[in-house]
Structure formats: structure tokens, C-alpha cells
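**Q** Those letters in the sequence shown? Residues 1112 to 1320, by the numbering used here. From the three backbone atoms N, C-alpha and C, an ideal C-beta is built for every residue, glycine too. The structure displayed is predicted, hence computed values, not measured ones. Here you go, one structure.
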Amino acid sequence: MQKNIIVFDTETISLNKNFIYNIGYVICDPDGKVLLQRDMVIRQIYDNAPLFATAYYAKKRPLYTSKMKARRTVKVSWGRACQIMAKDIKNYGVTDGYAYNGGFDEKAFYFTGLFFRNKTRPLDAIITHDIMDYIDPITETENYREFCKAHNFMTAHKTPRPRKTAESVFAYITQNGDYKEEHTALEDSKIEARILFKAWAEGQTEGAC
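Written out as C-alpha cells, the structure reads:
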């Protein structure tokens, strides 16, 4: 029997000291319908101005400020964010989670949780899968290769190859060559969920939920 899944994303300060400052996720039913979405800014990191300033996407601070004012995201402590996520996972009967380049997000959760010594670890309740393991039915096609060539979604290798980023894959499945990823956790989670369900719909891969 298929179950609800969670697709989540994190935004972090850096690749090495990857403190999470933004958690976003969507919980979907087996047909891809979004049952719940959440966007949380982590108070301890966001309010530490010198630390947040080191983030690659620090220039997006006004965007987060705007979202908080509009109540489209909330600022909470790290411990509270973990409690909310764990409760949502339990309440919706989620056993499987998905993230694009999921190993990075798992590492970020571990790093941040270890630093703050929180007891609630929401990822412990699920099996996390990397969405990139499911996208071959999309990316290993001639149509995808031609799309990437036409819209400059190619790697910088000596022999360029189509990129397999969430941005390039979502641009392809929506046929929008001008698409630019927002790089905020909830919005990225939304597009990553659509990529995952599109890959499953191709009939070439089988979901783990």
C-alpha cells in the first residue's frame, strides 16, 4: 500500500559549516497532491547577522523578511522546527522522505542538530531517498539533452554534459528555458516534488513509498 511522503529541502550557511537557516517541505499523497507545506526560518542562525552574512544566498535576506511579514514563513528556534517537522511526519504517517542531493541535507540536519544538542531528530523517523536516484527516465533522453543544449544547461567540462540540477530538470519538465530556481527551502521542495512524481509517472522507476 502506498503512503504519504515528505519532500524536504534545506538552505545552509556553507558547505563545510552547514548550519541550516531555512527548512521547507511538502507532504504529498501517493498521487502527488500536496497535503501540507511548511517553511521555517531558524532563529539562531538567521538572527546571527555576521554568520548569516557568510551564506552563499545571503543576498536573499530581504526575501525572507518579506515572507515573514506576509506570514508565508515563520521564524522559530532549531529545536521547535525539529519538533514541528517530527509531529507532521507522525501525523501524516510518513515513513519515506525525499530530497534532491539528499545526502547533503541529511548531513546538514546532523551537523546543526549536533551543535544545538537537540533531542528531537525528525529524520530518524523516516528513510531518506535521494531524488537524483530517480531522474534517469527524464535526464537520460535525447529530448532532455537537446533541451539543455538549447538553453545552456550544460556542464563546464571539456566535453559538456547536460546538467542534472533541480533547476535544469524542472525547466525541462515545464518546458521553460528561462526558469531560475528560487533557492529557498519551501519553493525548492515544491519543484523537487514535481520532478519526483514526473519521474515516477514515466513508468521507468518505482517509488519507494
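1) Would you list, in sequence order, the uninterrupted beta strand (DSSP E) runs of no fewer than 3 residues that lie entirely inside the region 1223-1299?
2) What beta strand (DSSP E) runs, 3 residues minimum, are completely inside the region 1181-1226?
3) What residues in its chain sit with their C-beta under 6 Å from that of N1127, if we drop five residues either side in the sequence?
4) How should N1202 be labelled, buried or exposed, when 16 other C-beta atoms within 10 angstroms of its C-beta is the threshold for buried?
5) Can you tell me which residues form a DSSP beta bridge with Y1136?
6) Name, in chain order, the residues that DSSP records as bridge partners for I1131.
7) Give every residue of the same chain whose Cβ lies closer than 7 Å to the Cβ of N1229, excluding the five residues on either side of it in the sequence, and list them in chain order.
8) How far does the alpha helix (DSSP H) with A1160 in it reach, from first residue to last?
9) State the Cα-Cα distance for the pair I1116 and G1208, rounded to the nearest angstrom.
10) Under 8 Å, do L1297 and G1135 count as touching if we go by C-beta distance?
11) Can you grab the Cα-Cα spacing for the pair A1282 / Y1245, in whole Å?
12) Does the Cβ of E1317 have 16 or more other Cβ atoms within 10 Å, making it buried, or fewer, making it exposed?
13) Pull up the CB-CB distance for A1166 and Y1211, whole angstroms please, since I reckon it's below 8 Å.
14) Could you give the distance in angstroms between the alpha-carbon of D1247 and the alpha-carbon of H1294?
15) Using the Cβ count rule (16 or more neighbours within 10 Å means buried), how would you classify Y1221?
**A** To lay it out plainly:
1) 1238-1241, all fully within the region 1223-1299.
2) Within the region 1181-1226, the runs of beta strand (DSSP E) that reach at least 3 residues and sit entirely inside it are, in chain order, 1185-1187, 1207-1210.
3) None.
4) Classification for N1202: exposed.
5) Note: Y1136 sits in a beta bridge opposite F1119, R1149.
6) For I1131, the pairing in a beta bridge is given by DSSP as T1123.
7) W1189, G1190, C1193.
8) Under the DSSP assignment, A1160 falls in the alpha helix (DSSP H) whose first and last residues are 1160-1163.
9) When rounded, the distance between both Cα atoms is 6 Å.
10) Yes; because the gap between Cβ atoms is below 8 Å, this pair is in contact.
11) Distance between the alpha carbons of A1282 and Y1245 is about 17 Å.
12) Residue confidence for E1317 is low, a pLDDT of 44 falling below 50, so the modelled location carries little weight and cannot support an answer.
13) Contact annotation, A1166 with Y1211: C-beta distance approximately 19 Å; criterion of less than 8 Å not satisfied.
14) Each residue's alpha carbon lies about 23 Å from the other.
15) Counting Cβ neighbours within 10 Å, Y1221 comes out exposed, since fewer than 16 surround it.
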